[in-house]
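Protein chains in written order, with this note's numbering: chain A, 4 to 310; chain B, 27 to 221.
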């Protein structure tokens, strides 16, 4: 088993499948009265969050607690980071405290890679800059597999701001490893063609959502990062919504079995219409629940055995 | 559970068949009869196999009970990996399946089924796991082979065969469902088994 999970590229098909299978067993726990396992008793997991996050931090915290690990939540705000402490010094502090795993979210791409060279424990990337978010890709893959049965041969359309999306990057890497075909859809300014090719040569690119929908088994809508709207990647929110937003009329173009995913948080009415977000095809709430199972699986497989 | 080192032991030492295929069938029949006798007809009973080989054994017992008395005893499986006390001593293990039959375990008599009873630590883990999935009225234990060397105060209610072993020996159970059609129990002499 791998020691760190810094990138979805760390996972070969066999390891990724093992994580998804393990997540399936972990999911059974959610239906039980006692949602707790003694597996990681005595181990310490630190959530090291340099960026705001609700669902990812809570999801990792719930996952670690359900496995009986001790959880320390660290957020950069209100910590010595605001006094100027470097990531390395924070890492050495964690090392001295005996952290068995560090879950890190950081605005700088590559921060988990640096961290892994300073601590003995496992490092899990919970989102680094515009680089990667591998556990999100795992929970997405788990959700697709539980709804559609398999990942091999699936046509997945990832729609929106691919340029800034760590979710898209990790998903392309993981899903192609597991045999799915990916089409990136969005305005040309937000789809880095060279990067798409570098991630996976087979990845297709389209600028026309309507032509992609009839052949898609999964449509993954990405959040339009409103904080970047002023950078003029597209003329206006209305125009974006008209060309790349998933409304009811567009959803009808999808095959009967197709599902609609969104990593959240959503801009309702922008990239996704409220009726679509709340429809039976939408897996948005399932994705949150599956996030806990997928992260439990990662924590167990990274920390459960001999170090 | 049969010790995973049995394969290594097989390469090191001689093997002796302790239970052959036809004997194994008779042993399962006998345990099925004993369960019927001790539980007064197996009403309100659930058989829970401990993966890997406890599960097909539990299914065989249920099939024999059905053949003898026409009673359907629910069968499930209980994976104990996440409850083991030796996780840190080995590389990470893949999980097995936990499947609790419909109706749950509350108020029912649960019979845990495993292939080999050795240190008792697997059964201890299974008892912990059981506590998290329901509250049975009572718990019993059925094993195909009891090889001794207990490290915990645990004993089986139904034993297929008691086999006095040395710690340097290992027991390997093969079942046709999991071991390419072979039904037998072998004793290997070899290096001392770590537990």
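Don't be surprised by glycine CBs; every beta carbon is placed ideally from N, CA and C.
Model, not experiment: these values are computed from the prediction.
- Annotated three-state conformation of residue 136 of chain B is strand, per DSSP.
- The Cβ-Cβ distance between residue 276 of chain A and residue 249 of chain A falls below 8 angstroms.
- Spanning the alpha carbons of residue 83 of chain A and residue 106 of chain A requires a straight line of approximately 18 angstroms.
- The three-state secondary structure of residue 5 of chain A, taken from DSSP, is coil.
- Ranked by Cα distance from residue 162 of chain A, the options A:151, A:175, A:152 and A:150 are led by A:175.
- Under the DSSP assignment, residue 94 of chain B falls outside any beta strand (DSSP E), being part of the alpha helix (DSSP H) whose first and last residues are 80 to 95.
- With respect to chain A, the C-beta atom of residue 84 of chain B has no partner C-beta closer than 8 angstroms.
- Runs of the alpha helix (DSSP H) lying entirely within the segment 111 to 196 of chain A, each at least 4 residues long, are 114 to 119, 137 to 151 and 169 to 180 in chain order.
- Not a single CB atom of chain B sits nearer than 8 angstroms to the CB of residue 254 of chain A.
- For residue 41 of chain B, the secondary structure class from DSSP, reduced to helix, strand or coil, is strand.
- Annotation for residue 290 of chain A: 142, 143, 146, 264, 265, 266 and 267 place their beta carbon closer than 8 angstroms to its own, counting only its chain and skipping 5 residues before and after.
- When the Cα atoms are used, residue 65 of chain A and residue 211 of chain A turn out to be separated by approximately 39 angstroms.
- A direct Cα-to-Cα measurement between residue 252 of chain A and residue 245 of chain A gives close to 11 angstroms.
- Residue contact with chain A for residue 148 of chain B: absent (no Cβ-Cβ distance below 8 angstroms to any residue of chain A).
- For the 8 angstroms CB-CB criterion, residue 143 of chain B and residue 172 of chain B form a contact.
- Just so you know, the alpha carbons of residue 125 of chain B and residue 229 of chain A end up roughly 46 angstroms apart.
- Shown here, residue 273 of chain A sits in coil according to DSSP, grouped into three states, outside any helix or strand.
- Apart from sequence neighbours up to five positions away, the residues of its chain that approach residue 188 of chain A with a beta-carbon distance below 6 angstroms are 160, 162, 209, 212 and 215, ordered along the chain.
- By the C-beta density criterion, residue 192 of chain A is exposed, having fewer than 16 other C-beta atoms within 10 angstroms.
- Scanning the segment 51 to 80 of chain B for uninterrupted beta strand (DSSP E) segments of 3 residues or longer gives 71 to 75, listed from N- to C-terminal end.
- At a cut-off of 8 angstroms between beta-carbon atoms, residue 154 of chain B makes contact with chain A.
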